[in-house]
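Participant:
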Amino acid sequence: MTVMNMIEALNSAHDVMMGRDPDIVVMGEDVGYFGGVFRVTAGLQKKYGKTRAFDTPIAEGGIAGTAIGMAAYGLKPVVEMQFADYIYPAFDQIVSEAGRMRYRTAGEWTLPMVFRSPYGGGIFGGQTHSQSPEALFAHVCGIKTVIPSNPYDAKGLLIAAIEDPDPVIFFEPKRIYNGPFDGFHERPVTPWAKHPAAEVPEGYYTVPLGKAAVAREGNDVTILAYGTMVHVALATAEEQGIDAEVIDLRTIVPVDIDTIEASVKKTGRCVIIHEATRTGGFGAELAALVQERCFYHLEAPVQRVTGYDTPYPHSLEWTYFPGPTRLGIALKKALED
Amino acid sequence: MAKTPTTKSGAGDAPAAQQISNRERPAEPQRYEASKEEMLEYYRQMLLIRRFEEKAGQLYGLGLIGGFCHLYIGQEAVAVGLQSALDSKTDSVITGYRDHGHMLAYGIDPNVIMAELTGRAAGISKGKGGSMHMFSVEHKFYGGHGIVGAQVSLGTGLAFKHKYSNDGGVCMAYFGDGAANQGQVYESFNMAELWKLPIIYVIENNQYAMGTSVNRASSEDQLYKRGESFRIPGIQVDGMDVLAVRGAAEEALAWVRAGKGPILLELKTYRYRGHSMSDPAKYRSRDEVQAVRDKSDPIEAIKRELEAAGVKADEIKTIDNEIKRIVAESADFAEQSPEPDLSELYTDALVEKY
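Chains as they are written, first to last, in the numbering used here: chain S, 20 to 356; chain A, 291 to 644.
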């Protein structure tokens with residue numbers, strides 16, 4: 020075991036897999052020589068050479084299309100989209116090619132590939148460097164969507180994603196690259212070193228896709244979260260002394276409905292939190308699933324705590340960010356109703 | 291560059307590398323012969339940009355500016371040389387995320403730019419845009435865009451409107467050497483030439499797309515040629531010489547205003563600082579940066595021109611002090627303005643509140 024932050028854990032996942040499988044190539048804007056905008060791919064080019072870890076021009080549509088062709092013909096590309104906000108030029112390729120290839124070739128062509136992307140806010144990135152577009156991808160059939168919340172999961176999930184025979188979108192909440200951010204933005208930053216999930220094996224292991232984790236056990240209310248919001252949920256439950264069960268979804272497609280169902284049936288109450296905008300967000304899907312499965316166990320309406328339906332503002336970032344205050348209000352409401 | 295005889299189109303001299311028979315070419319631009327007053331104004335504007343950016347860097351270090359902040363230091367001659375040739379009443383400007391300099395060069399108040407950087411209500415986008423997302427329709431400055439290359443298509447649309455309403459205006463659409471590889475740039479080139487739109491595409495080639503040098507990302511690294519297959523002529527310009535830049539702007543404007551369609555300028559320039567505030571710039575040597583500063587600094591160059599034109603040292607000193615005061619004031623303004631009211635969160639997401 021070694022203590023790693025999320026960047027180091029993700030870097031290690033690349034390293035382990037490139038060492039095991041010569042078909043794995045890493046590509047994207049500034050990922051080779053520079054080592055990635057957040058240094059997730061640092062050192063890979065030096066170790067594995069320029070044919071396996073290489074820089075592309077700034078051309079997301081072309082990058083995605085080329086990578087899909089590579090995957091269709093037997094390689095396993097791990098593509099970095101420099102920011103999730105930059106992924107939209109590649110959206111056409113991801114939706115209409117990557118997401119559909121297996122289906123339209125009746126399983127003949129499959130695309131074992133990963134699109135990784137730093138995502139989410141909390142670093143004053145403004146509207147083009149802060150977005151959380153996971154619901155757009157969750158809506159597209161034929162691809163999986165993964166969002167880790169800590170170093171151990173990040174490495175295990177990325178290895179599982181690379182080994183997965185289907186295309187995977189892998190969103191990395193950039194606010195928690197260096198430490199578990201709980202939404203109390205005025206408090207000092209905590210590094211990962213003090214967190215148990217920063218104990219990461221150096222070698223190969225996987226965290227399976229489609230399996231949620233119970234991040235905190237509780238009896239009174241279930242909080243469904245992923246990415247940065249897992250830490251907000253944990254801190255809020257702790258500070259407000261609420262006996263909440265926190266479910267870290269880890270993968271939103273496929274979503275681990277069994278774990279969700281078991282928890283909500285136990286607690287009878289459910290609050291969903293995500294950073295993305297509210298309308299049509301993944302929280303809406305979760306709320307629908309919960310009422311389908313748990314309607315007669317629910318003691319109160321399902322609450323959603325989300326980003327507002329506005330672009331991510333540069334200033335007012337902490338108003339937009341669904342932090343402990345807003346989650347606390349929703350929890351209280353869910354418990355009192 | 292070697293000169294060859296002109297083609298039958300009689301467009302004047304064109305460099306051999308650009309010469310394709312049967313096509314009219316713009317003339318080789320001449321270095322602009324500026325008056326003393328014009329040169330003083332270029333000096334003033336370039337110095338304003340540099341001092342403003344230095345101050346922004348300081349405020350970032352103090353935590354007053356957060357997030358992403360891309361400084362224009364080193365590239366001042368490009369925005370100043372080009373935009374000094376435009377008519378700010380009719381001509382529109384659009385650029386990418388490294389946008390502070392273009393705004394200052396278009397006469398926008400430094401106070402409201404700095405206040406946007408610090409995310410204050412008095413900022414030009416009420417603090418909600420930040421460094422990369424600033425606009426002023428009043429000044430015909432259309433941003434300020436954080437998505438690499440996206441503004442090139444938008445600029446093409448601005449040019450369409452200039453032509454549609456026959457307002458005599460031209461759009462100047464800036465992008466970097468990195469953005470020059472985005473597919474939508476070429477879709478835009480095709481439409482602009484097809485419809486003969488009044489647009490000057492400006493590639494600010496500062497040699498590095500974040501950490502990737504031009505020749506590591508571009509199969510044709512002579513970016514002024516990138517329009518050739520769309521029949522858009524290109525001119526390569528010394529972007530460190532404000533008078534050469536202004537000369538190229540004159541030629542480009544003559545071409546576009548004559549209804550000949552788009553033109554492409556590649557400005558060879560250099561950014562002294564990292565790509566953004568968090569870039570350690572390990573992809574180039576300190577010596578490389580220092581050599582450019584020593585040999586090609588655009589502000590030092592115009593200063594020498596001014597001295598040669600007989601401008602006295604204390605006249606320059608007066609400008610320096612004036613700039614210092616303006617920049618200090620903008621920093622005070624940006625620091626003292628309040629943050630936007632919470633009620634601003636939902637304004638302007640749509641016209642009506644919801």
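Here a beta-carbon is modelled for each residue, glycine too, at the ideal position from N, C-alpha and C.
Rounded to whole angstroms, what's the CA-CA distance from Arg58(S) to Tyr67(S)? Just pull it up for me.
Facilitator: 16 Å
Participant: Buried or exposed: which applies to Cys313(S), given that a residue is buried once 16 or more other Cβ atoms fall within 10 Å of its Cβ?
Facilitator: buried
Participant: Kindly list, in the order they appear in chain S, the residues whose Cβ is closer than 7 Å to that of Met422(A).
Facilitator: Gly145, Thr147
Participant: Buried or exposed: Val208(S), going by 16 or more other Cβ atoms within 10 Å of its Cβ?
Facilitator: exposed
Participant: Checking contacts by CB at 7 Å: is Met336(A) closer than that to chain S?
Facilitator: At least 7 Å separates the CB of Met336(A) from every CB of chain S.
Participant: Enumerated in chain order, which unbroken segments of the beta strand (DSSP E) with a length of 3 residues or greater are wholly contained in the stretch 465-540 of chain A?
Facilitator: Fully contained in the stretch 465-540 of chain A are the following beta strand (DSSP E) runs of length 3 or more, in chain order: 489-495, 524-528.
Participant: Just checking: is the beta-carbon of Ala86(S) within a distance shorter than 7 Å of some beta-carbon in chain A?
Facilitator: no
Participant: Starting from Phe143(S), trace the beta strand (DSSP E) in both directions and tell me its first and last residue.
Facilitator: Annotation for Phe143(S): no beta strand (DSSP E) segment contains it, and DSSP assigns it neither H nor E.
Participant: Is the CB of Gly68(S) under 7 Å away from at least one CB in chain A?
Facilitator: no
Participant: Using the Cα positions of Ile276(S) and Lys95(S), report the straight-line distance between them to the nearest angstrom.
Facilitator: 29 Å
Participant: Can you tell me whether Lys230(S) is helix, strand or coil according to DSSP?
Facilitator: coil
Participant: For Arg341(A), which residues from the same chain have a beta carbon less than 7 Å from its beta carbon, with the 5 sequence-adjacent residues on both sides left out?
Facilitator: Ile613, Lys614, Val617
Participant: Nearest-angstrom Cα distance between Arg313(A) and Lys69(S)?
Facilitator: 41 Å
Participant: Could you give the first and the last residue of the continuous alpha helix (DSSP H) run that contains Val45(S)?
Facilitator: Run containing Val45(S): none in the alpha helix (DSSP H); it sits in the beta strand (DSSP E), 43-47.
Participant: Between which two residues does the alpha helix (DSSP H) harbouring Gln348(A) extend?
Facilitator: That run of the alpha helix (DSSP H) goes 326-351.
Participant: Applying the 10 Å Cβ sphere with the 16-neighbour rule, what's the burial state of Ala307(A)?
Facilitator: The predicted position of Ala307(A) is uncertain, since its pLDDT is 49 and thus under 50; no value can be drawn from it.
Participant: Provide the residue span of the alpha helix (DSSP H) that contains Lys550(A), from first to last.
Facilitator: That residue, Lys550(A), is in no alpha helix (DSSP H); it is neither H nor E in DSSP.
Participant: Is Ala216(S) near Pro170(S), with beta carbons less than 7 Å apart?
Facilitator: yes
Participant: Please decide whether Val475(A) counts as near chain S, where near means a Cβ-Cβ distance under 7 Å.
Facilitator: no
Participant: Using a Cβ-Cβ distance cut-off of 7 Å, determine whether Lys418(A) contacts chain S.
Facilitator: yes
Participant: Out of curiosity, what's the CA-to-CA distance linking Gly285(A) and Glu595(A)?
Facilitator: There is no way to answer for residue 285(A), as the model of chain A reaches only from 291 to 644.
Participant: Please give the ranges of any beta strand (DSSP E) in the stretch 111-186 of chain S, keeping only runs that are unbroken, at least 3 residues long and fully inside the region.
Facilitator: 133-138, 163-165
Participant: Could one say the Cβ of Ile82(S) lies closer than 7 Å to chain A's Cβ atoms, at least one of them?
Facilitator: Ile82(S) has a beta carbon lying at 7 Å or more from every beta carbon in chain A.
Participant: Apart from the five residues just before and just after Gly54(S), which ones in its own chain have a Cβ nearer than 7 Å to its Cβ?
Facilitator: Thr60, Ala61, Gly62
Participant: Mind listing the chain S neighbours of Gly409(A)? Cutoff is C-beta to C-beta under 7 Å, in chain order.
Facilitator: His333, Ser334
Participant: Taking C-beta pairs closer than 7 Å, name the residues in chain S that Gly468(A) reaches, listed in chain order.
Facilitator: What Gly468(A) touches in chain S: Ile77.
Participant: Classify Glu343(A): buried if its beta carbon has 16 or more other beta carbons within 10 angstroms, exposed otherwise.
Facilitator: With 16 or more neighbouring CB atoms inside 10 Å of its own CB, Glu343(A) falls in the buried class.
Participant: Find the nearest neighbour of Glu236(S) within the set Ala306(S), Val98(S), Ile279(S), judged by alpha-carbon distance.
Facilitator: Ile279(S)
Participant: If you draw a straight line from the C-alpha of Leu640(A) to the C-alpha of Tyr331(S), how long is it?
Facilitator: 14 Å
Participant: Which of the residues in the stretch 359-378 of chain A, read from start to end, lie with their CB under 7 Å from any CB of chain S?
Facilitator: none
Participant: Taking the alpha-carbon of Gly529(A) as reference, which of Glu331(A), Pro316(A), Met336(A), Arg315(A) has the nearest alpha-carbon?
Facilitator: Met336(A)
Participant: Give a yes or no on whether the minimum CB-CB distance between Phe53(S) and chain A is below 7 Å.
Facilitator: yes
Participant: Specify the secondary structure class of Thr325(S) as computed by DSSP and reduced to three states.
Facilitator: strand
Participant: Shorter than 7 Å from the beta carbon of Ala632(A) to some beta carbon of chain S?
Facilitator: A small correction: the amino acid at residue 632(A) is Leu; Ala does not occupy that position in the sequence shown. Yes, Leu632(A) counts as interfacial toward chain S.
Participant: Run through chain S and tell me which residues come within less than 8 Å of Val438(A), C-beta to C-beta.
Facilitator: Ile77, Tyr105
Participant: Anything in the stretch 569-586 of chain A with a Cβ closer than 7 Å to a Cβ of chain S? List those residues in chain order, please.
Facilitator: Tyr573
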